[in-house]
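J.: For what it's worth, the numbering used here labels the leading residue of the sequence shown as 10, then goes sequentially.
We put the CB at the ideal spot given by N, CA and C, even for glycine.
Mind having a look at this structure? Questions to follow.
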Amino acid sequence: MYAPEGFSPINYALQWCQERGDRFFRECALPWVAENDPTGKDMFDRDFLEFALRSRMLLIEWLVSNLLQRQPVPLYLSAPSGTTMQASPTFFLSQEMLHWFEFEWPLTDAGLVNIAKKKTAEEILSGKSTYYIFDIQTGCIVVPSETEIQSFPDADAVRKLSRTAAPFDGWSVCIRNEDVDRIQKILSSMFSWPHEVEEITAPIGRPRKQEEAADVYTALFPNGHGALGITWATVEQMVSKALRQSVSIYTIKRGLKMRTDGKSNA
């Protein structure tokens, strides 16, 4: 995964979808299992627990499908050379098209329930759907081989799509830095569960992640990174590694700006 200046790899948004699914499982699905276990004794009744796990997987895939195919914020393709172009939702076609459905909890949509039931154990745990020409692991466009194409039920459509996508094989899917935090808010608003815990904020109301990112940046580059010849993309990688979580360039810049604004107002 890679991205030119001003953009972040789509993997940051994909990772957020995964984390939100995990949070849903802890804060909503498991408590529901505890309340509705027919035995009244074991909150981890096998059938109910499996239902909760399948629902976690489905929420992750549903969020990703909305991110890629509805595109609440525009997505871009980036060549290794740095050339960028806006990505059509066509590049993210899949068999399941989950964004056509409305996710509710507990699951009530028969279409979603049927999709969840068909998933293998590996798919349930990974929470990753299969796209025809998009590799969700690397965040890049990957044109399938003819053998792979023939394995799809709608092989003719995939073959046609692959011919269209051939010039972009290996290109990275990116999102503008200023949209990284915005897409999280948009997707969060599409589905929330009762009593959802608000994101932890600093005592004076500044988001903790931005504050921590600014702290790490200052520790790494007390005199700034520009004079060292280091790009923002490298800064992003170093700060993310130090915090052991994905942090966008936009988040770092906002944290630094808030710190500067705070000093000027002091």
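Can you tell me where the beta strand (DSSP E) holding methionine 94 begins and where it ends?
T.: Where methionine 94 is concerned, the enclosing beta strand (DSSP E) stretches over 93-95.
J.: According to DSSP, is aspartate 2 helix, strand or coil?
T.: Since the first and last residues shown for the chain are 10 and 275, residue 2 lies out of range.
J.: According to the Cβ coordinates, are leucine 196 and asparagine 20 closer than 9 Å?
T.: Cβ distance not < 9 Å, so leucine 196 and asparagine 20 don't count as in contact.
J.: From Val42, Glu70, Ala12 and Pro40, pick the residue whose C-alpha is nearest to that of phenylalanine 200; which is it?
T.: Looking at the Cα atoms, Glu70 is the closest of the given residues.
J.: Does the count of Cβ pairs from the region 144-161 and the region 55-66 closer than 8 Å reach three?
T.: With a cut-off of 8 Å, the region 55-66 and the region 144-161 do not count as touching, because too few Cβ pairs lie within range.
J.: Within its chain, find whatever has a CB closer than 6 Å to the CB of alanine 175; leave out the 5 residues flanking it on each side and keep chain order.
T.: Closer than 6 Å at the Cβ level, and outside the excluded window around alanine 175, lie Val152.
J.: What residues in its chain sit with their C-beta under 8 Å from that of phenylalanine 16, if we drop five residues either side in the sequence?
T.: Closer than 8 Å at Cβ, skipping near neighbours: Tyr85, Ser87, Thr93, Cys183, Ile184, Arg185 and Asn186.
J.: Spatial neighbours of aspartate 56 within its chain, please: CB distance less than 7 Å, with the 5 preceding and 5 following residues excluded, ordered by chain position.
T.: If we look at aspartate 56 and ignore the five residues flanking it on each side, it has no Cβ neighbours.
J.: Here's the rule I'm using: 16 or more other beta-carbon atoms within 10 Å means buried, otherwise exposed. How should lysine 50 be labelled?
T.: Because the pLDDT at lysine 50 is just 48, under 50, the model does not fix this residue reliably, and the value given afterwards should be weighed accordingly. By the 10 Å Cβ count, lysine 50 comes out exposed.
J.: Give the single residue among Asp163, Leu265 and Phe143 whose Cα lies nearest to the Cα of proline 231.
T.: Selected option, being the one with the closest Cα: Leu265.
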